[in-house]
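The sequence shown begins at 6 in the working numbering and counts up one residue at a time.
Each residue gets a CB set at the ideal place from its N, CA and C atoms; glycine is no exception.
None of the values given here were measured: they were computed from a predicted structure.
These notes are about the structure you will find just below.
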Amino acid sequence: MKTVDTAHLRNVVLASHSGVGKTTLAEHLLHRAGAIGRLGKVDDGTASLDFEPEEQKRHISLSLAVASLDHAGHRVTLIDTPGYLDFAAEVTEGFAAADGAVFLMDASGGVEAGTEMAVARGRRSGTAALFFLSRCDRENADPGAALDALRAAFGSKIAPLHLAIGAAAAFCGYVDLVRMRAFTLQGGAMVEGEIPGELAGEAARRRDQLLEAAAEADDDVMAKYLDGEEIGADELDACLSQGVRRSVLAPVLVGSALKEIGTAALLDAIVRYLPSPAERPAVVARDPKGGEVPLAADPAGPLCVRVFKTTADPFVGRLTYLRVVSGTLRGQGNAFNAARGQEERIGGLLHLRGHEQEPAEELAAGEIGAVARLGVTGTGDTLSTRERPLLLPPLELPEPTLPVAVEPQSKADLDKLGPALQRMHEEEPATRVERHPETSETILWAMGETHVAVIAERLKRKFGAAILTRAPRVPYRETIRGKTRAHGRYKKQTGGHGMFADVWIEIEPNPDGGVVFADHVVGGAVPKGFFPGVEKGIREAAAEGVVAGYPLIDFKATLYDGQFHTVDSNELSFKIAASMALKQGVMECKPVLMEPIQLVEVRVPERFMGDVNRDLNGRRGRVMGMDPAGDGMHVITAHVPQSELFTYATELRSLTGGRGTFTATLDHYEDVPAYLAEKIVEAHRKGTKEG
């Protein structure tokens with residue numbers, strides 16, 4: 006790949022809702038620029054950027070992919086991201102490497118949740134952006150209505166750069182609203198000409214929208230616009246360039262990748278309007294003492310490299326995707342990971358084009374590439390030098406909210422599962438794997454059901470670990486509400502020494518005090534040497550549960566009387582007798598089953614609040630409050646039983662069109678309603694646990 010200076014680099018993330026044609030557009034851009042020789046198709050599983058088997062099977066992008074092309078003396082690196090909401094972490098990773106964004110929207114539909122989230126992500130990072138109305142040739146496409154929907158959703162900063170000529174099957178080109186010229190597809194080529202007469206009025210109206218937005222970027226242009234003076238094409242173009250780079254406005258282009266309409270114009274707009282790494286504000290890193298270090302995209306500056314993605318391959322090993330923020334990273338050298346305090350050996354560097362790789366001797370500031378087989382470095386880490394260690398802020402990845410219990414499919418998978426889950430987490434950082442201390446289950450937290458399914462397929466394909474998944478068990482607990490005295494007697498006669506113990510214990514509630522053992526034996530009825538056995542029997546029986554097999558908590562057991570045999574009594578005998586006494590006594594102490602209650606915060610647009618509240622009530626939830634959170638969003642706070650939340654991530658997404666998100670943390674335990682407790686106890690008696 007040709008060497009390009011920083012000013013001629015463009016790193017662009019493609020982001021939107023799923024299914025609007027990002028990968029198809031990227032494929033056509035790469036093919037038009039000659040970066041790939043064969044034009045692949047997503048539906049055929051031949052697209053350059055959908056190269057994972059799981060992507061080819063589903064015909065959707067599941068991971069970000071990187072590919073570069075040359076256009077007009079510039080290197081444009083495209084970062085294609087998934088639109089499916091289960092893979093939102095990939096979008097975050099893509100923005101971490103990009104200087105500009107192209108947001109796509111299907112011209113036959115409205116503004117969808119994935120696009121809203123991508124735009125919000127871009128606004129938080131101040132990323133300069135263009136919009137591209139794709140599939141203008143699709144049935145029911147209405148580019149004008151789509152543009153109006155964008156402006157209604159995101160404001161008047163969204164300004165038309167193009168006006169579509171025709172729509173659906175009649176779509177044949179566009180009007181360039183800067184130069185007020187028409188470009189139509191004729192004989193397989195785009196031909197420049199006059200604006201069709203029937204579009205003159207609409208073109209003038211849309212150009213006025215463009216001028217209004219562009220004028221915000223330049224005071225002189227604003228003055229001319231307000232005075233009604235003519236603004237020339239070159240002056241407007243310069244104003245647009247300045248405004249887009251400052252995120253004052255975002256122009257909207259139109260096109261069809263399949264018809265090759267608008268693809269060349271999009272490449273021109275990327276080069277003309279989106280910033281190079283050198284034009285972006287300095288990135289602020291921190292030194293080991295916490296001091297701020299501003300970094301410009303200078304190849305001669307201190308080395309600072311962001312790791313924005315990691316993939317794990319059973320044959321190639323770990324492949325680490327890099328964006329050089331400052332300095333120059335050279336192959337066959339060393340770099341220092343300050344967060345982990347370890348030096349990494351840098352082997353051969355790579356330029357990426359989907360799954361294809363091209364060797365690179367070095368990567369300078371602003372460039373994107375990869376390196377294989379790093380030892381400890383993972384997604385979000387920073388590479389620098391030992392002499393000047395630097396740290397960049399961590400990536401703000403979404404929190405996984407869908408838990409599933411994971412177990413090996415067979416004994417052969419058991420030994421592979423632990424290492425496989427660890428390696429899977431390297432390339433899926435928006436997951437969490439934990440061992441539940443009460444249910445002893447391995448819990449995988451993921452972003453949604455499709456995310457879980459893809460992880461399961463990759464675990465088997467890449468690491469040979471087949472898994473089964475199911476809903477986790479609810480960590481119910483048992484306790485008592487009454488007080489009683491209970492007797493336990495254990496006697497076993499054998500040919501030699503036998504076993505004998507007799508205990509009386511008093512059992513009473515101990516709210517929020519845990520399990521407490523006390524002794525109040527008088528007269529030596531039970532020697533002190535057997536007290537540890539009694540306590541052990543009580544605690545072990547409590548841990549196993551009495552009513553439904555769940556831990557018994559918050560009670561006090563006092564040993565107050567008993568008998569022993571000078572020959573046959575021992576600690577084990579008293580342990581068994583105490584266990585028997587506890588199990589008998591608990592059933593006389595008004596035992597209850599308790600369930601974990603989560604504090605849930607649901608963030609939704611205002612128009613979905615009623616539906617979400619009704620749904621929470623249907624989950625036995627209690628809404629505690631509803632507060633505005635800005636941008637038309639509200640936060641609903643509620644207490645909801647954990648058993649009602651295992652599939653909530655999927656169901657909330659369905660209820661809100663993907664616009665709702667939530668967090669849940671353990672708040673307290675409450676009694677399970679009697680009608681549900683009966684079912685749980687009955688299931689235990691049958692040898693299973695519900696939940």
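Start and end residues, alpha helix (DSSP H) containing residue i
i      : result
Gln61  : 58-63
Asp697 : No information on residue 697 is available, as it lies outside the stretch 6 to 696 that the chain covers here.
Leu426 : 416-432
Met585 : 576-591
Val298 : Here Val298 belongs to no alpha helix (DSSP H); instead the beta strand (DSSP E) covers 297-300.
Asn515 : That residue, Asn515, is in no alpha helix (DSSP H); it is neither H nor E in DSSP.
Ser659 : 653-660
Leu216 : 205-219
Residues of its chain near residue i, where Cβ-Cβ distance is below 6 Å and the 5 sequence neighbours each way are ignored
i      : result
Gly696 : In this prediction, Gly696 has a pLDDT of 43, which is less than 50 and means its spatial position is unreliable; nothing more can be read from the coordinates.
Gly338 : Ile351
Thr747 : Absent from the structure is residue 747, since the part of the chain shown begins at 6 and ends at 696.
Ala548 : Pro556
Ser113 : Arg143, Asn145, Ala146
Phe313 : Glu98, Ala101, Ala102, Tyr326, Arg328
Proximal residues to residue i (C-beta, below 7 Å), its chain only, five neighbours per side dropped
i      : result
Lys229 : Ile236
Pro299 : Ala287, Val289
Lys694 : Here Lys694 scores only 48 on pLDDT, less than 50, and its place in the model is too uncertain to base an answer on.
Pro58  : Arg466
Asp517 : Asp559
Reduced DSSP secondary structure (H/G/I, E/B, other) of residue i
i      : result
Val597 : strand
Thr315 : strand
Cys141 : coil
Phe468 : helix
Pro678 : coil
Tyr495 : strand
Cys244 : helix
Ser130 : helix
Gly160 : coil
Lys541 : helix
Met629 : strand
His441 : coil
Ala49  : One point to set straight first is that residue 49 is Asp, not Ala, in the sequence displayed. Asp49 falls in the coil class under three-state DSSP.
Asp91  : helix
Phe613 : helix
Ile685 : helix
His456 : helix
Leu263 : coil
Nearest-angstrom Cβ-Cβ length linking residue i and residue j, presumed shorter than 8 Å
i      : j      : result
Gly105 : Val17  : 5 Å
Leu35  : Leu74  : 5 Å
Tyr653 : Pro601 : Rounded, the Cβ-Cβ distance is 14 Å, inconsistent with contact.
Leu577 : Met631 : Not quite, the Cβ-Cβ distance comes to about 58 Å (not below 8 Å), so this is no contact.
Asp85  : Lys27  : 6 Å
Pro434 : Gly385 : 7 Å
Gly359 : Ala72  : 5 Å
Leu258 : His167 : 5 Å
Leu396 : Ala343 : 5 Å
Beta-bridge partners of residue i, as assigned by DSSP
i      : result
Glu412 : Leu473
Ala530 : Answer is none; Ala530 lacks a bridge partner.
Glu363 : His356
Ile602 : Pro646, His673
Ala101 : In DSSP, Ala101 forms no bridge with anything.
Phe667 : Val607
His76  : His79
Asn342 : Gln347, Leu388
Pro256 : Ala164
Cys309 : Ser331
Asp85  : Leu19, Ala70
Tyr179 : Ala169, Phe188
Leu397 : Paired residue(s): none; Leu397 is not in a bridge.
Enclosing beta strand (DSSP E) for residue i [first to last residue]
i      : result
Ser21  : Premise fails: Ser21 is in no beta strand (DSSP E) and is neither H nor E.
Val520 : 520-524
Leu327 : 322-331
Ile373 : 373-377
Asp566 : 560-568
Val289 : 288-291
Tyr278 : Counting along the chain, Tyr278 falls outside any beta strand (DSSP E), though it belongs to the alpha helix (DSSP H) covering 268-278.
Ala435 : Taken as a continuous stretch (DSSP letters only), Ala435 belongs to no beta strand (DSSP E), as it is neither H nor E.
Arg186 : 186-191
Chain B contact for residue i (CB, 7 Å cutoff)
i      : result
Arg612 : Included in the structure is just one protein chain, with no chain B present.
Near the ligand ADP: residue i beta-carbon under 6 Å from a heavy atom
i      : result
His441 : In the structure shown, the ligand ADP is absent, as is every other ligand, since no ligand is present at all.
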